[in-house]
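Residue numbers (our numbering): 8 to 187.
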């Protein structure tokens with residue numbers, strides 16, 4: 008075999024190998040297409056503290072596209088917004104339930120690690136708030152030490168919530184950045 012024939016055979020083999028590894032690109036589904044326009048609206052509403060509007064956009068989207076990965080993502084984002092203390096309807100209990108639904112969903116799951124951590128955080132905040140509320144029963148003659156301990160516990164909870172909100176904001180900014 009001469010040098011030209013060998014080079015030709017090598018080039019042909021390389022082309023065949025490359026052709027075998029090329030994947031067929033699937034066209035975007037209707038849910039994917041709509042999600043790319045809906046999600047920026049949702050984040051814009053949330054950043055403007057229009058929590059009800061953001062929640063409504065997410066629930067409407069999920070109703071139009073049940074069972075899709077994008078509909079599962081609406082559960083995640085609704086939970087994140089419910090955990091935000093700036094939201095007047097924030098509720099660690101509701102957030103934990105939404106994270107649980109998201110994690111149980113067979114579709115999607117791009118944020119499983121974050122959802123698991125945030126669910127634990129929501130449960131922890133809920134437990135600590137419940138503990139703080141039951142230990143803060145109105146007693147007229149509480150000693151000053153108990154008042155100080157209660158104030159320290161409340162401050163610790165506020166600090167923990169502020170850290171959680173800062174982490175959520177960091178995650179939100181990271182996820183809002185366009186992927187190259």
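Using N, Cα and C, we set each Cβ at its ideal position, and we do this for glycine too. Note that this is a predicted model, so its numbers are computed, not measured.
**OP:** Can you tell me which of 63, 132 and 74 puts its alpha carbon nearest to the alpha carbon of residue 39?
**Re:** When only C-alpha atoms are compared, the closest one is 74.
Original post:
Which class does residue 154 belong to by DSSP, given the choice of helix, strand or coil?
Top reply: If DSSP states are grouped into helix, strand and coil, residue 154 belongs with the helices.
Subject >> For residue 98, three-class secondary structure by DSSP >> reply: Note: residue 98 maps to coil in three-state DSSP.
Original post:
How should residue 91 be labelled, buried or exposed, when 16 other C-beta atoms within 10 angstroms of its C-beta is the threshold for buried?
Top reply: Buried, since its Cβ has 16 or more Cβ neighbours within 10 Å.
Original post:
Whole-angstrom Cβ separation of residue 164 and residue 135, contact assumed at under 8 Å?
Top reply: The beta-carbon separation of residue 164 and residue 135, rounded to 6 Å, stays under the 8 Å limit for a contact.
**OP:** Determine the direct distance from the alpha carbon of residue 99 to that of residue 159, and round the result to whole angstroms.
**Re:** Between the alpha carbons of residue 159 and residue 99 lies a distance of about 21 Å.
**OP:** Would you kindly report the start and end of the unbroken alpha helix (DSSP H) that includes residue 44?
**Re:** Per DSSP, the unbroken alpha helix (DSSP H) holding residue 44 starts and ends at 37 to 54.
Original post:
What distance in whole Å lies between the Cβ atoms of residue 123 and residue 110, which are believed to be in contact at a cut-off of 8 Å?
Top reply: At roughly 7 Å, the Cβ-Cβ gap stays under 8 Å, so residue 110 and residue 123 are in contact.
Original post:
Under a three-way DSSP split, which group does residue 166 fall into?
Top reply: Three-state result, residue 166: helix.
Subject >> Outcome for residue 23 when other beta-carbon atoms lying within 10 angstroms are tallied against a minimum of 16 >> reply: Low confidence applies to residue 23: its pLDDT is 49, below 50, so where it sits in the model is not reliable enough to give any reading.
Original post:
Can you check whether the CB of residue 87 is closer than 9 Å to the CB of residue 178?
Top reply: Yes, the pair counts as a contact, with Cβ atoms nearer than the cut-off.
**OP:** On a CA-only basis, which of 80, 89 and 45 is nearest residue 56? Give me that one, please.
**Re:** Check the Cα spacing between residue 56 and each of 80, 89 and 45: the tightest is with 89.
**OP:** Give the secondary structure of residue 114 by DSSP, where H, G and I count as helix, E and B as strand, and everything else as coil.
**Re:** Under the three-state reduction of DSSP output, residue 114 falls in the coil class, being neither helix nor strand.
Original post:
Helix, strand or coil: which one does DSSP assign to residue 93?
Top reply: If DSSP states are grouped into helix, strand and coil, residue 93 belongs with coil.
Subject >> Beta-carbon proximity of residue 103 to residue 126, cut-off 9 Å >> reply: With respect to the 9 Å criterion, residue 103 and residue 126 are classified as neighbours on the basis of their beta carbons.
Subject >> Straight-line gap, residue 47 to residue 183 (C-alpha atoms, nearest Å) >> reply: Between the alpha carbons of residue 47 and residue 183 lies a distance of about 8 Å.
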